[in-house]
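Structure first, then comments.
Rendered as structure tokens:
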């Protein structure tokens, strides 16, 4: 489908979703974003749903301003995927050992490594830039610097919620590795700090929603946020790279005889800010639950833990600010999912997937998400599908 336009206060709201299917609270959020004086464009992805600060599945293009709550607290959250030389025939009938080996190698939930992982000891991981990256930690918000030890130990860890590590098969029975994670606790602490600063600034006092407080160009507060934002985005990228390195090491050990070879890793943020130029204007583009889908750029759009995922290639549609959806998108809140579904429902909806099936992950049940096939179908003018994957192992936090 192509998009529909709804009127907004300062810019039209371009939607790659049926407005009738979007909950009222999310529509109100979108209308509120469209009132911001700095806004130059707003695109809404088919996985749209209500979020804190701004709607998940929205692309907010502003000139000379950025809204830290719209970026969210998991700065740089995103996906990585890699195709391997293994096929379904190389896999054992029982995948529980593989899952437990992954869980041993990569801490999940609030867990962290006992000692920081030395990237130089992870096979094939490029180590250039790591020293410079950590050197820049000295410039982050002073109130967060005491978290450095935790940040170093959480580098290469999964986290909880909707984060996951998966082993998948494509339609050719080729094995893929995939993971979803962000900037862990350090990203959240930096985000919380800057959201608090923004909400106290005088120019934000008359906004319709205090969560839409912005930093504006050429101010010390904007300079400080940009430093910490881009550092946290880099943390998330390194975190996924390190995890993927650890995951490959597990696969190498478990499938020694097959001598697995790995293609180049695909990686994309879906909670982040980028400096991009549209219609001759430099804009700060916030993708909150959206990936960049410039012409020929690879992206990853995962479904829920029982449905499968898509590797896509961007078509470079400027109307969406070269963006596409970041996943299936929730169709009900975590609490609603816990009220509606049972552990038995979870077991049925994840049949055939080696994964947790306990009460602790019922809020991540496939039934709590929109159907991924429909979400892909609604953005045929944004991306083309390169591969369809179905998970066979799913590790959750």
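Residue numbers (our numbering): 431 to 827. By construction, the Cβ of each residue, glycine as well, lies at the ideal position given by its N, Cα and C atoms. Since we're looking at a predicted model, the values are computed, not measured.
Of the choices the options, whose alpha-carbon is the least far from that of residue i?
i           : options            : result
residue 492 : 471, 479, 806      : 471
residue 758 : 639, 709, 809      : 809
residue 507 : 783, 746, 666      : 666
residue 732 : 480, 445, 593, 530 : 593
residue 705 : 660, 690, 448      : 660
residue 583 : 672, 822, 762      : 672
residue 515 : 763, 742, 691      : 691
residue 685 : 546, 761, 605, 779 : 605
residue 656 : 628, 638, 681      : 628
residue 696 : 742, 520, 465      : 742
residue 565 : 651, 599, 664, 526 : 664
residue 463 : 445, 440, 670      : 440
residue 590 : 607, 613, 703, 579 : 613
residue 780 : 670, 567, 792      : 792
residue 702 : 554, 708, 722      : 722
residue 556 : 541, 654, 727, 674 : 674
residue 542 : 790, 788, 581      : 581
residue 727 : 771, 718, 698, 708 : 698
Tell me whether the beta-carbon of residue i lies closer than 7 Å to the beta-carbon of residue j.
i           : j           : result
residue 571 : residue 623 : yes
residue 620 : residue 574 : yes
residue 818 : residue 517 : no
residue 625 : residue 577 : no
residue 512 : residue 595 : no
residue 610 : residue 509 : yes
residue 552 : residue 753 : no
residue 738 : residue 820 : yes
residue 714 : residue 496 : yes
residue 479 : residue 456 : yes
residue 710 : residue 813 : no
residue 740 : residue 806 : yes
residue 800 : residue 761 : yes
residue 720 : residue 444 : no
residue 520 : residue 688 : yes
residue 459 : residue 485 : yes
residue 736 : residue 783 : yes
residue 677 : residue 607 : yes
residue 751 : residue 447 : no
residue 647 : residue 634 : no
residue 588 : residue 538 : yes
List the endpoints of the continuous alpha helix (DSSP H) containing residue i.
i           : result
residue 657 : 650-684
residue 498 : 498-501
residue 606 : Premise fails: residue 606 lies in the beta strand (DSSP E), 604-611, not in any alpha helix (DSSP H).
residue 458 : 454-463
residue 511 : Here residue 511 belongs to no alpha helix (DSSP H); instead the beta strand (DSSP E) covers 508-517.
residue 700 : Counting along the chain, residue 700 falls outside any alpha helix (DSSP H), and DSSP gives it neither H nor E.
residue 580 : 578-584
residue 776 : 773-779
residue 616 : 614-630
residue 528 : 526-535
residue 723 : Where residue 723 is concerned, there is no enclosing alpha helix (DSSP H), given that its DSSP letter is neither H nor E.
residue 829 : This structure gives no information on residue 829, because the portion of the chain shown stretches from 431 to 827.
Can you tell me whether residue i is buried or exposed? The criterion is at least 16 other CB atoms within 10 Å of its CB, across all chains shown.
i           : result
residue 550 : exposed
residue 828 : Absent from the structure is residue 828, since the part of the chain shown begins at 431 and ends at 827.
residue 786 : buried
residue 547 : buried
residue 534 : exposed
residue 449 : exposed
residue 796 : buried
residue 747 : buried
residue 774 : exposed
residue 681 : buried
residue 579 : exposed
residue 638 : exposed
residue 693 : exposed
residue 716 : buried
residue 597 : buried
residue 815 : exposed
residue 618 : buried
residue 630 : exposed
residue 662 : buried
Does chain B have any CB closer than 7 Å to the CB of residue i?
i           : result
residue 687 : Of the chains in the structure shown, none is chain B; there is only one protein chain.
Could you tell me how far apart the beta carbons of residue i and residue j are, in whole angstroms, since I believe they sit closer than 8 Å?
i           : j           : result
residue 755 : residue 487 : 6 Å
residue 536 : residue 586 : 7 Å
residue 494 : residue 468 : 6 Å
residue 483 : residue 641 : 4 Å
residue 811 : residue 432 : 5 Å
residue 442 : residue 435 : 4 Å
residue 803 : residue 734 : At roughly 12 Å, the Cβ-Cβ gap does not stay under 8 Å, so residue 803 and residue 734 are not in contact.
residue 668 : residue 563 : 7 Å
On the DSSP letters alone, give me the boundaries of the beta strand (DSSP E) that residue i sits inside.
i           : result
residue 821 : 813-826
residue 490 : 486-492
residue 754 : 753-755
residue 712 : 711-718
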